[in-house]
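Residue numbers (our numbering), protein chains in the order written: chain A, 1 to 445; chain B, 446 to 1092. This report refers to the structure that appears directly beneath it.
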């Protein structure tokens, strides 16, 4: 007689080695795991709370400058190297891993107005108040050698900014006009001008490298084409734009940091309306820099804080401040998109995590899975009031807090007045202007 | 100035165009499920192994040894990288192929054995009837095939015919089917006493005749005519009877015929008025609403009970509905009125039909076996279901009290009454009923009119009346107020705390199909739900106040639909699908939790490049372009200068 027996494949329940995890068969029958929404909601709530608990973004402060830090530059090839120029003409090169200054150069007399690295990372350029453009080697001079620039160009006027081309041995300076220089020559190969006011900053487009954007103190942003040696278009805003930054992933998008506390993201093909008005700062925005992923940017403001904005949101997702940080003049997002550096008035460069609650260092696969799951949960339940409240909550210094309140009142009053005016005037005579259009004065062809 | 402006505009347009090539990439990146930075992939080029070998030299003694071994065995270093042995093994049948072949063979064997076994089994069957049937079936099949063959292939058919002819001849010669065989002889003896044996003999003789008869090749047209005749000869009724015998529900089938439908219609009308009349009679007694959901079975039971009771009530008080004038239940009245209006039309129509087709009705009814009649009758009328169901619902609401009567009693009564109520008695009553209803409606209308809108207590103003009229006209088709009332009643009912029945059938006593736990037990284990606080809309007839909203839960709920969603269902769906590993397999969990942006730690993310996305970047550097442009411009300028100087 044949006896039938239960037989199982040992592969299904035996571990290969005892170091392996035990196989746990799991029944995914939904009736066995009820209350999925409430349970996930609680998990999301906990994740949000933990995110706030672990939100410690401040990493280090690099001190050594003897005057306010005026400009920062990233090294194109090395994540650990950062260059900074101060208001006393001193340039320092820092090692971020050691958090130490590795080199100090007295580059200029007066302010170092701009600093930029060459695309290959072998040298860098500085401009200062002393009307000079200097090129320096990245490596420190050998023993006994003097700290001397590779080249020095003496200009006729003060240069207020500099940026290097992303591929070619050319750089652009700004001042009275925008000059494009060949590295080999002492005269600009072309200079472009439109209007008569001084130009604050000039930036090369990182993707379509022949494009430049500049902003001048007569409240305009001008775009240039370097190949055709001609300006393209000009947009005039309500107030002065301090600097612009191009999106490194989207060729035609740039963001302008404005004096009117706002940032404006433009599509350069349609300058008459910004794509987005980013508002949260309570004082002039002095600098802006994109994350290398092109999804977010960071802005530095005169209100002693830096804020991180998603590109497609008008409100910031994060605000960083410390008690000792004064007016933040320059800010940079590191090339691995993990950190943010900011240089401020009180002579310090600060290093922050771009994601405040991120755990640094190597994560195990389980940690990674948990992190991803928590992130998704937070996204899933982000509209639920409790979670939203906890996720949005930030402590702000009193000055900023009170200014926010004040500005809210002012804004409301302005809105009310406009509404009243519209009410009491002929219909159509006081048109409704959207927030986006409100700040654009004109587009000049 | 204007020249410069034109220059700028042209340049701008040109630049915009060049930038537009990035549009699809930007869009793709924005919508991407996941972006992994840095974007440029590291070249994982596959280098042929020979190339690797050529650049590599054995250095350590172990490596030397290995190389020696390899060379000894004539391991090929260059392409093709296979030893002769490996080639041979590759040529041989692959494992999968072999497996497949084996499986195929196995299947074939299994099938064969199965058919063999079946044939054996069939052979063993002794039943003569079975064999007869099989034979008949075979013969039929053969005939059919022959017919087909004749149509398709006449020559083959002829051959077949010859075969048949041959069989006939053989029969003639052998005289097999005559009454000379052993079996036939025995039958002949039996035939005197046994009818069956006689029949069998006759059959055999008939067969003999059939087989020995010389076949006449008949023309096709003749045959067709015959078949047609046959078809016409067979009356419809016969077909129907057959269907009745076979089908699960003869009445369902019958209703397909148009004449049958007509027959049914008067029967419908007899059903229609009953619940209404009944409702009138009972409306004051009880107006407890009953939940809409009930099992089909229960419904039938109720209908049966209802019908019977209606007959009761009509006998007792045909005009009992008059009493509703002083009744306080306005809701019910309005409902009734609406119904009655709707019924008016239907009744008129149905009465006309009834006059013409009473005779047929009677016939039909006689055909039916009395006790089984009810169910199919109720099932068969698709065109009328809507109204009837509504009616019945109303009826149910009114007579819920009576319904509590134990079922067996009702049924017994029903069966007792059945014989006399069935065909004739019910008919007379029906007519009476119809008339009653008509009278009732016509007399009723003025008094009920004011009560039509139950939510408005006393509105006699002209304006209100006009408005009411307008509303009535606007919603002539659908009775909004009644719907609302029903909705409200349902809401109230749904919100009422429910009793909990904890009786376990079969626990401590006999259980099984049709047995119910004893009343004592039910009483003991029924937990009565406590009366909740009075509803807020108890005294507000026009309003339904939802009392479900929980303030404590509301603090956790999303109040407005978030931006990207266009419908709350979309949003709810995203919330309801769990993403955790508790509810999903590992693979699904990983897929669901993939982050949108992934960056590698310690890697520099460079700006996107044209080469990365498959575009060609310009070969000339920007500087060289400027310089060439300038040369051209300056040349142009010089020319212009020269020109001006010469002028």
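Using N, Cα and C, we set each Cβ at its ideal position, and we do this for glycine too. Only a predicted model underlies this, so the values are computations on that prediction, with no experimental measurement involved.
Next item on the list: Give the interface partners of residue 456 of chain B over in chain A, defined as CB-CB distance under 7 Å, in chain order.
Entry: Taking the second chain and counting its residues from 1, the one referred to as residue 456 of chain B is at position 11. Neighbours of residue 456 of chain B on chain A, chain order: 225, 228, 230 and 232.
Note to self: Just to make sure I have the definition right: I need the residues of chain A whose C-beta is within less than 8 Å of the C-beta of residue 450 of chain B. Which are they?
What the structure shows: Taking the first residue of the second chain as position 1, residue 450 of chain B is located at position 5. Under the 8 Å cutoff, chain A gives 445.
Notebook entry, point to check: When you compare only the Cα positions, how much space is there between residue 387 of chain B and residue 578 of chain B?
Noted result: Since the first residue of chain B shown is 446 and the last is 1092, residue 387 of chain B is not available in this structure.
Check: Would residue 30 of chain A be called buried (16 or more neighbouring beta carbons within 10 Å of its own) or exposed?
Finding: For this step, residue 30 of chain A is matched to residue 30 along the first chain. Under this definition residue 30 of chain A is an exposed residue.
Notebook entry, point to check: In whole angstroms, what is the alpha-carbon distance linking residue 1024 of chain B and residue 297 of chain A?
Noted result: The residue you call residue 1024 of chain B lines up with position 579 of the second chain. The residue you call residue 297 of chain A lines up with position 297 of the first chain. Their Cα atoms are separated by approximately 30 Å.
Check: Would residue 896 of chain B be called buried (16 or more neighbouring beta carbons within 10 Å of its own) or exposed?
Finding: The residue you call residue 896 of chain B lines up with position 451 of the second chain. Residue confidence is low: residue 896 of chain B scores 41 on pLDDT, short of 50, so the model does not pin down where it sits. Its coordinate-derived value is still stated next. Its Cβ being crowded by 16 or more others within 10 Å, residue 896 of chain B is buried.
Note to self: Alpha carbons only, please: which of B/1042, B/1077 and B/452 is nearest the one belonging to residue 483 of chain B?
What the structure shows: In the second chain, residue 483 of chain B corresponds to position 38, counting from 1. Taking only the C-alpha atoms, the option nearest residue 483 of chain B is B/1042.
Notebook entry, point to check: Grouping DSSP H, G and I as helix and E and B as strand, with all else coil, what is residue 265 of chain A?
Noted result: Here residue 265 of chain A refers to the residue found at position 265 when the first chain is read from its first residue. If DSSP states are grouped into helix, strand and coil, residue 265 of chain A belongs with the strands.
Check: Are there 16 or more other CB atoms within 10 angstroms of the CB of residue 5 of chain A, so buried, or fewer, so exposed?
Finding: Along the first chain, read from residue 1 onward, the residue named residue 5 of chain A stands at position 5. When all chains shown are included, residue 5 of chain A counts as exposed.
Notebook entry, point to check: Among A/327, A/353 and A/355, which has the Cα closest to the Cα of residue 347 of chain A?
Noted result: One-based indexing of the first chain puts residue 347 of chain A at position 347. The candidate whose alpha carbon is nearest that of residue 347 of chain A is A/327.
Item checked: Proximity winner among A/20, A/260 and A/48, relative to residue 407 of chain A (alpha-carbon distances) -> For this step, residue 407 of chain A is matched to residue 407 along the first chain. That would be A/260, whose Cα lies nearest to the Cα of residue 407 of chain A.
Notebook entry, point to check: Leaving out the 5 sequence neighbours to the left and right, which residues in its chain are closer than 6 Å to residue 119 of chain A when beta-carbon positions are compared?
Noted result: Reading the first chain from its first residue, position 119 is the one you call residue 119 of chain A. Hits under 6 Å: 76 and 166.
Next item on the list: Would you mind working out which of B/945, B/958, B/981 and B/979 sits nearest residue 967 of chain B, comparing C-alpha positions?
Entry: In the second chain, the residue the question calls residue 967 of chain B occupies position 522. Ranking B/945, B/958, B/981 and B/979 by Cα distance to residue 967 of chain B puts B/945 first.
Notebook entry, point to check: Terminal residues of the continuous alpha helix (DSSP H) containing residue 127 of chain A?
Noted result: Locating residue 127 of chain A in the first chain gives position 127, counting from the first residue. Looking at the DSSP string, residue 127 of chain A is not in any alpha helix (DSSP H); the run it does join, the beta strand (DSSP E), is 123 to 128.
Next item on the list: Report the neighbours of residue 36 of chain A on chain B: residues whose CB is nearer than 7 Å to its CB, in chain order.
Entry: The count along the first chain starts at 1 and reaches residue 36 of chain A at position 36. In chain order: 1023 and 1028.
Next item on the list: Could you spell out where the beta strand (DSSP E) holding residue 995 of chain B opens and where it closes?
Entry: In the second chain, residue 995 of chain B corresponds to position 550, counting from 1. It is not in any beta strand (DSSP E) - residue 995 of chain B carries neither H nor E in the DSSP assignment.
Margin query: Contact defined as beta carbons within less than 8 Å: I believe residue 117 of chain A pairs with residue 83 of chain A. What is the distance between those atoms, to the nearest angstrom?
Written below: The residue you call residue 117 of chain A lines up with position 117 of the first chain. The residue you call residue 83 of chain A lines up with position 83 of the first chain. Sure, about 7 Å apart at Cβ, within 8 Å.
Note to self: Counting only beta-carbon separations shorter than 8 Å, does residue 977 of chain B have a partner in chain A?
What the structure shows: Locating residue 977 of chain B in the second chain gives position 532, where the first residue counts as 1. Chain A contact via Cβ: absent.
Item checked: Residues of its chain near residue 443 of chain A, where Cβ-Cβ distance is below 6 Å and the 5 sequence neighbours each way are ignored -> In the first chain, counting from the first residue as 1, residue 443 of chain A sits at position 443. If we look at residue 443 of chain A and ignore the five residues flanking it on each side, its Cβ neighbours are 235, 271 and 272.
Check: Smallest Cα separation from residue 1093 of chain B: which of A/193, A/375, A/67 and A/28?
Finding: Past the edges of chain B, shown from 446 to 1092, lies residue 1093 of chain B, and the structure says nothing about it.
Next item on the list: Compile a chain-ordered list of the residues in the segment 1038 to 1053 of chain B whose CB is closer than 9 Å to at least one CB of chain A.
Entry: 1038, 1039, 1040, 1041, 1042, 1044, 1045, 1046, 1047, 1048, 1049, 1050, 1051, 1052 and 1053
Note to self: Excluding the 5 residues flanking residue 8 of chain A on each side, which residues of the same chain have their C-beta closer than 8 Å to its C-beta?
What the structure shows: Your numbering for residue 8 of chain A matches position 8 in the first chain. Around residue 8 of chain A: no qualifying Cβ.
Notebook entry, point to check: Cα-Cα, which of B/1068, B/949, B/545 and B/643 is closest to residue 184 of chain A?
Noted result: Within the first chain, residue 184 of chain A is the residue found at index 184, counting from 1. Taking only the C-alpha atoms, the option nearest residue 184 of chain A is B/1068.
Note to self: For residue 1058 of chain B and residue 470 of chain B, which I take to be in contact (beta-carbon distance under 8 Å), what is that distance rounded to the nearest angstrom?
What the structure shows: Residue 1058 of chain B sits at position 613 when you count from the first residue of the second chain. Residue 470 of chain B sits at position 25 when you count from the first residue of the second chain. Yes, they are in contact, since the Cβ atoms of residue 1058 of chain B and residue 470 of chain B sit about 5 Å apart, within 8 Å.
Notebook entry, point to check: Just checking my contact of residue 89 of chain A with residue 109 of chain A at CB under 8 Å: how many whole Å lie between their CB atoms?
Noted result: Here residue 89 of chain A refers to the residue found at position 89 of the first chain. Here residue 109 of chain A refers to the residue found at position 109 of the first chain. The pair is a contact, with the Cβ atoms about 5 Å apart (cut-off 8 Å).
Note to self: Is there a Cβ of chain A sitting closer than 8 Å to that of residue 477 of chain B, yes or no?
What the structure shows: Indexing the second chain from 1 puts residue 477 of chain B at position 32. Taking Cβ atoms only, chain A never reaches closer than 8 Å to residue 477 of chain B, which makes this a no.
Note to self: Using only the alpha-carbon positions, how far apart do residue 446 of chain A and residue 216 of chain A sit?
What the structure shows: Nothing about residue 446 of chain A can be read from this structure; chain A reaches only from 1 to 445.
Notebook entry, point to check: For the segment 994 to 1006 of chain B, which residues have a beta carbon sitting closer than 8 Å to at least one beta carbon of chain A?
Noted result: 1000, 1001, 1002, 1003 and 1004
Check: At least one CB of chain B closer than 8 Å to the CB of residue 455 of chain A: is that the case?
Finding: Nothing in the structure corresponds to residue 455 of chain A, since chain A is present only between 1 and 445.
Note to self: Between the alpha carbons of residue 507 of chain B and residue 361 of chain A, how many angstroms are there, rounded?
What the structure shows: Residue 507 of chain B sits at position 62 when you count from the first residue of the second chain. Residue 361 of chain A sits at position 361 when you count from the first residue of the first chain. Whole-angstrom Cα-Cα distance: 40 Å.
Checklist line | Identity of the residue in B/1051, B/1066 and B/926 nearest residue 481 of chain B by Cα | finding: Walking along the second chain from the start, residue 481 of chain B turns up at place 36. Nearest of B/1051, B/1066 and B/926 to residue 481 of chain B, Cα basis: B/1051.
Notebook entry, point to check: DSSP on residue 885 of chain B, reduced to helix/strand/coil?
Noted result: Counting from one through the second chain, the residue named residue 885 of chain B turns up at place 440. Confidence in residue 885 of chain B is poor, its pLDDT being 39 and thus under 50, which makes the residue's placement too unreliable to answer from.
Checklist line | For residue 941 of chain B and residue 322 of chain A, the rounded distance between their alpha carbons | finding: In the first chain, counting from the first residue as 1, residue 322 of chain A sits at position 322. In the second chain, counting from the first residue as 1, residue 941 of chain B sits at position 496. Between residue 322 of chain A and residue 941 of chain B, the C-alpha separation is close to 58 Å.
Next item on the list: Evaluate residue 163 of chain A with the Cβ neighbour count: other Cβ atoms within 10 Å of its Cβ, from every protein chain shown; 16 or more gives buried, anything less gives exposed.
Entry: As a working note, residue 163 of chain A is residue 163 in the first chain. Classification for residue 163 of chain A: buried.
Notebook entry, point to check: In chain order, what residues of the segment 366 to 378 of chain A put their CB closer than 8 Å to some CB of chain B?
Noted result: 369, 372, 373, 375, 376 and 377
Margin query: Quick check on DSSP: helix, strand or coil for residue 297 of chain A?
Written below: Along the first chain, one-based indexing puts residue 297 of chain A at 297. Note: residue 297 of chain A maps to strand in three-state DSSP.
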